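Novice: So the sequence shown is residues 1197 to 1549, counted in this note's numbering.
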Amino acid sequence: AIVQEMGTRMGVMTGKGLADLVRERFGVRITLGVMGILVLANLANTASEFAGVAASLEIFGVSRYLSVPLAVALVSWLVVKGTYRIVERIFLGASLFYTVYIISAFLAHPPWPEIARQTIQPTVRLERDYLLMLITLVGTTIAPWMQFYLQSSIVDKGVRVKQYRYARLDAIFGSLVATAVAFFIIVSCGATLYAHGVRVETAGQAAMAIRPFAGRYASLLFALGLLNASIFSAAIVPLSTAYAVCESLGWETGVDRSLKEAPSFFAIYLGMVAVGAALTLWPKAPLLKIMVLSQTLNGILLPLVLFLMLKLINDRDVMGPYVNSRWTNVLAWGTALVLILLPLVLLFMSLIS
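1. Nearest to I1536 by CA position, among G1223, S1460, P1499, is which residue?
2. What is the residue span of the alpha helix (DSSP H) that T1295 lies within?
3. Could you give the distance in angstroms between the alpha-carbon of F1186 and the alpha-carbon of A1425?
4. Would you mind working out which of G1335, W1523, F1544 sits nearest I1198, comparing C-alpha positions?
5. Please report how far the alpha carbon of Y1280 lies from the alpha carbon of P1434, in whole angstroms.
6. What did DSSP end up calling V1551 once you bin it into helix, strand or coil?
7. Can you give me the Cβ contacts of S1436 inside the same chain, cut-off strictly under 6 Å, excluding the 5 residues immediately before and after it?
8. Measure the Cβ-Cβ separation of F1461 and C1442 and say whether it is below 8 Å.
9. Would you identify the three-state DSSP class for S1371, choosing helix, strand or coil?
10. With 16 as the cutoff for other CB atoms within 10 Å, does R1260 come out buried or exposed?
11. Please report the Cβ distance between V1541 and L1328, rounded to the nearest whole angstrom; I am assuming they are in contact, meaning their Cβ atoms lie under 8 Å.
12. Report all residues from its chain with a CB closer than 8 Å to the CB of I1298; omit the five preceding and five following residues, and keep chain order.
13. Which whole-angstrom value describes the C-beta separation of L1423 and L1262, a residue pair presumed to lie in contact below a C-beta threshold of 8 Å?
14. How many Å lie between L1504 and T1332 at the Cα?
15. Between the beta-carbon of T1227 and the beta-carbon of V1218, is there less than 8 Å?
16. Look up V1208 in the DSSP assignment and say whether it is helix, strand or coil.
17. Would you grab the beta carbon distance between A1473 and V1296 for me? Rounded to a whole angstrom, and I think it's under 8 Å.
18. Out of R1395, S1244, C1385, point me to the one whose CA is closest to T1336's CA.
19. Going by DSSP in three states, P1306 sits in which element: helix, strand or coil?
20. Please tell me whether L1508 and A1528 are closer than 8 Å, where the distance is taken between their beta carbons.
21. Would you mind sorting P1306 into buried or exposed? The rule is 16 or more other CB atoms within 10 Å of its CB.
22. Nearest CA to the CA of I1255: which residue from Y1439, Y1465, A1458, Y1413?
23. From the DSSP output, in three-state form, read off I1338 for me.
24. Report the residue from R1321, G1386, P1265 whose alpha carbon sits nearest the alpha carbon of A1250.
25. Going by CA-CA distance only, name the one from D1452, M1487, P1517, F1544 that's closest to A1240.
26. If you compare alpha carbons, which of T1476, L1322, K1480 is closest to F1544?
27. Going straight from the alpha carbon of D1366 to that of A1463, what length do you get?
28. Which residue's Cα is closest to the Cα of K1353: N1520, T1388, G1211?
29. Is Q1347 closer than 8 Å to G1257 when the C-beta atoms are compared?
30. Assign I1350 to one of two classes, buried (16 or more other C-beta atoms within 10 Å of its C-beta) or exposed (fewer than that).
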């Protein structure tokens, strides 16, 4: 919530996207370096989202060679032909479907007292696989592409300074809901797959494997939730990339623009969608590994993005009187430090093992 609020504040107060501010403050060389890493990570992210589409619909007997092209057509039409208001309303409606994960978790009948205890006193192990999964979990919860998309969408929407408090509440509430959804996904899988030692190779298998322990409806709800989340993000991740790259190069951006007005913006968006889908349709593509690896890349890139955000939001030349408060900085820099240390500890443990 802290990171999302900072992105919202920068977007409202400066009227510029994150990549735009990075270019102006840190120069083209650093900006292009960050963009290069972001594009690679987002290609993997986009592929992972189409992998989610394929895996979820395979449960219902639909081949990936049909489901993925249909998803490509849907997200391409939505962004290229739709207006920002239409796209926003569709995304908002789709986000309501995440409640199926909450229902699925309750149908799994998990041990709530044990969950409460582990939530308050989590088990932390200094093991390579544990740290790798922890970085991956952080990467999917506070993904770098989210920070670029959030700020760009604030600018594209034209949110004014007097509307900031509503945008701030929106960002904080959205972060809390996203965290709650992630919590219930973990509960659902932990109470079924982990508790029974089930090993899965695809996300579709995960949804199917829930059925014997939580029932048919929990399995179907999990699959539908995965489909919704995958299509949702298959549109957002390429959109975030298009915003970031175009801002970093000073090109025109905006969903409300026409193809003639912002050709590079839509070309990057459609290119990301096409390449991501193609990777998923590769016959021997390890879908689950792609999905996990993409989030690991997010977790590794995140500290750099947070560092740049913190430098920008504490710069009075950029933010004027709207810089971070002392306590916000303590929390934000503390979070950034932990996220920087995690990959370093993982690297050290990999070397000594």
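Don't be surprised by glycine CBs; every beta carbon is placed ideally from N, CA and C.
The structure displayed is predicted, hence computed values, not measured ones.
Specialist: Well, looking at it:
1. For the purposes of this step, residue 1536 is taken as residue 340 along the sequence shown, with counting starting at 1. Out of G1223, S1460, P1499, the CA that lies nearest to the CA of I1536 is found in P1499.
2. Translated into positions along the sequence shown, residue 1295 becomes position 99. Note, T1295: alpha helix (DSSP H), 1295 to 1303.
3. Residue 1186 lies beyond the range of the chain shown here (1197 to 1549); nothing can be said about it.
4. Sequence index remark: in the sequence shown, residue 1198 carries index 2 (1-based). Shortest Cα-Cα distance from I1198 to any of G1335, W1523, F1544 involves W1523.
5. Locating residue 1280 in the sequence shown gives position 84, counting from the first residue. Locating residue 1434 in the sequence shown gives position 238, counting from the first residue. Rounded to the nearest angstrom, the two C-alpha atoms are 15 Å apart.
6. The structure shown does not extend to residue 1551, since the chain is modelled only from 1197 through 1549, so no value can be given for it.
7. Position 240 of the sequence shown, counted from the start, is the residue given in the question as residue 1436. Excluding residues within five positions, the ones whose Cβ falls inside 6 Å are W1341, F1344, Y1345.
8. Start at 1 with the first residue of the sequence shown, and residue 1461 comes out as number 265. Start at 1 with the first residue of the sequence shown, and residue 1442 comes out as number 246. In contact: F1461 and C1442 (Cβ atoms closer than 8 Å).
9. In the sequence shown, residue 1371 corresponds to position 175, counting from 1. Residue state for S1371 is assigned as helix, using DSSP reduced to three classes.
10. Along the sequence shown, one-based indexing puts residue 1260 at 64. Buried, by the Cβ-count rule.
11. Here residue 1541 is taken as the residue at index 345 of the sequence shown, counted from 1. Here residue 1328 is taken as the residue at index 132 of the sequence shown, counted from 1. 11 Å between Cβ atoms; not a contact.
12. One-based indexing of the sequence shown puts residue 1298 at position 102. A1376, V1377, F1380.
13. Residue mapping note: residue 1423 aligns to position 227 of the sequence shown, counting from 1. Residue mapping note: residue 1262 aligns to position 66 of the sequence shown, counting from 1. With a contact defined as Cβ atoms closer than 8 Å, L1423 and L1262 miss out at about 14 Å.
14. Taking the first residue of the sequence shown as position 1, residue 1504 is located at position 308. Taking the first residue of the sequence shown as position 1, residue 1332 is located at position 136. Spanning the two alpha carbons is a distance of roughly 21 Å.
15. Start at 1 with the first residue of the sequence shown, and residue 1227 comes out as number 31. Start at 1 with the first residue of the sequence shown, and residue 1218 comes out as number 22. In this structure, V1218 lies closer than 8 Å to T1227 by Cβ.
16. Indexing the sequence shown from 1 puts residue 1208 at position 12. Correct three-state label for V1208: helix.
17. As a working note, residue 1473 is residue 277 in the sequence shown. As a working note, residue 1296 is residue 100 in the sequence shown. Actually they do not touch by this definition, with Cβ atoms about 24 Å apart.
18. The residue you call residue 1336 lines up with position 140 of the sequence shown. Across the set R1395, S1244, C1385, the C-alpha of S1244 shows the shortest separation from the C-alpha of T1336.
19. Within the sequence shown, the letter at position 110 stands for residue 1306. Assignment of P1306 by DSSP, reduced to helix, strand and coil, places it in the coil class.
20. Working through the sequence shown from its first residue, we reach residue 1508 at position 312. Working through the sequence shown from its first residue, we reach residue 1528 at position 332. Their beta carbons are not under 8 Å apart, which means L1508 does not touch A1528 by this criterion.
21. Position 110 of the sequence shown, counted from the start, is the residue given in the question as residue 1306. For P1306, the number of other beta carbons within 10 angstroms of its own is at least 16, and it is reported as buried.
22. Numbered from its first residue, the sequence shown carries residue 1255 at position 59. For I1255, the nearest C-alpha among the options comes from Y1413.
23. On the sequence shown, position 142 is the one that residue 1338 refers to. In this structure, I1338 counts as coil in the three-state DSSP scheme.
24. As a working note, residue 1250 is residue 54 in the sequence shown. Closest option to A1250, Cα to Cα, is P1265.
25. Residue 1240 sits at position 44 when you count from the first residue of the sequence shown. Selected option, being the one with the closest Cα: M1487.
26. Along the sequence shown, read from residue 1 onward, the residue named residue 1544 stands at position 348. Selected option, being the one with the closest Cα: L1322.
27. For the purposes of this step, residue 1366 is identified with residue 170 of the sequence shown, where counting begins at 1. For the purposes of this step, residue 1463 is identified with residue 267 of the sequence shown, where counting begins at 1. The straight-line gap from Cα to Cα measures roughly 30 Å.
28. By 1-based counting over the sequence shown, the position of residue 1353 is 157. Nearest in C-alpha terms to K1353, of all of N1520, T1388, G1211, is G1211.
29. The residue you call residue 1257 lines up with position 61 of the sequence shown. The residue you call residue 1347 lines up with position 151 of the sequence shown. No, the pair does not count as a contact, with Cβ atoms beyond the cut-off.
30. The count along the sequence shown starts at 1 and reaches residue 1350 at position 154. By the Cβ-count criterion, I1350 is buried, with 16 or more other Cβ atoms from all chains shown falling within 10 Å of its own Cβ.
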